[in-house]
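Note sheet for the following structure.
In the numbering used here, the protein residues as written are 313 to 696.
Structural data, given as structure tokens:
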């Protein structure tokens, strides 16, 4: 019985060697499987689990060579050298936040729910600085300037209108120069500028026209109004311009600088973290423009990750639902309650620090790439 078991293990081991190869002489079919003495080829343990051999985690002790299991316990043996299988336990690397510069954009309207100086954007800025990064705050209003002053030398404010390519270019170039001066290379960009559907009239300098801005309880226009008339494309252009075109424009200009950074041991240079929304999947009435823009951001995550892979740059998107921000704080109790009722657990709005924590994981976890992550407490609303 012992001899049959030994022959079985030897045969399986030979097939694994032929499949994966070794750094020593290859084992030919039918050749002897007697282990090489330790003095002629030093043993090297590369994995704590025999599952790397494809044999399951409970078959053999973690520190034993499969070929010595049924041999003399005192006989010398050599473990297989497979760095491509045991790498995670030899060289576990994560992208570092400390010592890098990150670019975080906000919107030009103070009620923007992802403004970099308030809500989710601010939480990301504060968390990155807490973990040793410098942050370039790109914004159109004084909130960004005030936040940078509050955070000290680790933050710097740059005026940026995401609807204007030249404004983005100037801000990104300024951030890159700052990164070079501080010897903290650009390691990532978080394009967090976003608007919902505009109705209170306000002048948009980039589009040189008046646009509307709705309060937090109002919904955007439906494609046909009560009289059967189609809605204006001005609102569509504005929302898509900020949420989609502005995101692409900032990313394309920022990654040009990230690609020039020195790669780490895994060849990684940086990361892009875009912001979508649960509305990309569960849009409601009056959210055609908003859902279209956020759905597009979610859809371009994978192709963007594929485009940037050759440069060692990852790309992920976070899709939040209801979060505590300046905009949602203006909601009536009735609207808030109806939204929170769609959550499975916890039944509350998300906190900005929870969003920032996920953003940090997208940076530090190098295996997160090309994916859209929902952060919504299991909320899957039907028509509200």
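Even for Gly, the Cβ is constructed at its ideal location relative to N, Cα and C. Quick caveat, the model's predicted, so the values are computed rather than measured.
Assigned secondary structure, residue i (DSSP; H/G/I helix, E/B strand, else coil)
i: residue 378; result: Confidence at residue 378 is low in this model, with a pLDDT of 38, below 50, so the placement of that residue should be treated as unreliable; the coordinate-derived value is given next. In this structure, residue 378 counts as helix in the three-state DSSP scheme.
i: residue 626; result: strand
i: residue 709; result: Nothing about residue 709 can be read from this structure; the chain reaches only from 313 to 696.
i: residue 613; result: helix
i: residue 417; result: strand
i: residue 351; result: Its pLDDT being 45, under 50, residue 351 is placed unreliably in this model, and the coordinates cannot settle the point.
i: residue 692; result: coil
i: residue 684; result: strand
i: residue 634; result: coil
i: residue 447; result: strand
i: residue 679; result: coil
i: residue 461; result: helix
i: residue 467; result: strand
i: residue 422; result: Residue placement at residue 422 is poorly supported in this model, since its pLDDT is 36, which falls under 50; the coordinates still yield a value, given next. Looking at residue 422 - three-state DSSP - the assignment turns out to be coil, as it is neither helix nor strand.
Contact set for residue i: own chain, Cβ-Cβ below 7 Å, skip 5 residues either direction
i: residue 608; result: 556
i: residue 472; result: 417, 450, 451, 452, 479, 480, 483
i: residue 601; result: 509, 532, 547, 548, 551, 552
i: residue 496; result: 411, 412, 413, 446
i: residue 559; result: 503, 586, 609
i: residue 254; result: Because the chain here runs from 313 to 696, residue 254 falls outside it and cannot be looked at.
i: residue 670; result: 630, 685, 687
Selection from the options that minimises the alpha carbon distance to residue i
i: residue 470; options: 508, 444, 435, 414; result: 414
i: residue 549; options: 460, 615, 598, 475; result: 475
i: residue 442; options: 684, 466, 664; result: 466
i: residue 596; options: 650, 458, 628, 436; result: 650
i: residue 452; options: 600, 679, 480; result: 480
i: residue 591; options: 665, 645, 688; result: 688
i: residue 637; options: 543, 408, 435; result: 435
i: residue 554; options: 575, 538, 605; result: 605
i: residue 593; options: 560, 685, 546; result: 685
i: residue 547; options: 445, 488, 496, 508; result: 508
i: residue 697; options: 621, 454, 494, 493; result: A question about residue 697 goes unanswered here, because the residues of the chain that appear run from 313 up to 696.
i: residue 694; options: 661, 669, 652; result: 652
i: residue 587; options: 494, 437, 503, 463; result: 503
i: residue 573; options: 492, 657, 541, 558; result: 492
i: residue 488; options: 575, 535, 447; result: 447
i: residue 603; options: 613, 589, 614; result: 589
Beta-carbon contacts of residue i that lie in its chain and below 8 Å, excluding the five residues immediately before and after
i: residue 623; result: 567, 570, 571, 581
i: residue 618; result: 682
i: residue 460; result: 449, 467, 468, 469
i: residue 409; result: 440, 443, 444, 445, 499, 672, 675, 676
i: residue 662; result: 632, 633, 634, 635, 636, 687, 688, 689
i: residue 657; result: 689, 690
i: residue 463; result: 437, 438, 441, 447
i: residue 659; result: 652, 653, 689
i: residue 542; result: 535, 536
Whole-number beta carbon distance between residue j and residue i, since they are thought to touch under 8 Å
i: residue 417; j: residue 505; result: 5 Å
i: residue 532; j: residue 598; result: 4 Å
i: residue 407; j: residue 675; result: 6 Å
i: residue 630; j: residue 667; result: 7 Å
i: residue 664; j: residue 431; result: 6 Å
Cut-off 6 Å between Cβ atoms - residues of its own chain near residue i, not counting five sequence neighbours on either side
i: residue 584; result: 501, 563, 627
i: residue 490; result: 468
i: residue 616; result: 627
i: residue 457; result: 469
i: residue 691; result: 633, 654, 655
i: residue 477; result: 561
i: residue 646; result: none
i: residue 343; result: With a pLDDT of 48 at residue 343, under the threshold of 50, the modelled position of this residue cannot be trusted; read the value that follows with caution. Result list for residue 343: empty, nothing under 6 Å.
Element boundaries [alpha helix (DSSP H), containing residue i]
i: residue 672; result: 664–676
i: residue 559; result: 558–570
i: residue 486; result: 477–493
i: residue 408; result: Note, residue 408: premise wrong, no alpha helix (DSSP H); not H, not E.
i: residue 593; result: 591–594
i: residue 647; result: 645–652
Residue-chain proximity (residue i, chain B), Cβ-Cβ < 8 Å
i: residue 483; result: Here chain B cannot be found, since the structure has a single protein chain.
The beta strand (DSSP E) enclosing residue i, as first and last residue numbers
i: residue 550; result: Residue 550 -> not in any beta strand (DSSP E); alpha helix (DSSP H) instead, spanning 545–552.
i: residue 585; result: 582–587
i: residue 433; result: Element bounds for residue 433: not the beta strand (DSSP E) but the alpha helix (DSSP H), 431–442.
i: residue 533; result: Where residue 533 is concerned, there is no enclosing beta strand (DSSP E), given that its DSSP letter is neither H nor E.
i: residue 503; result: 498–503
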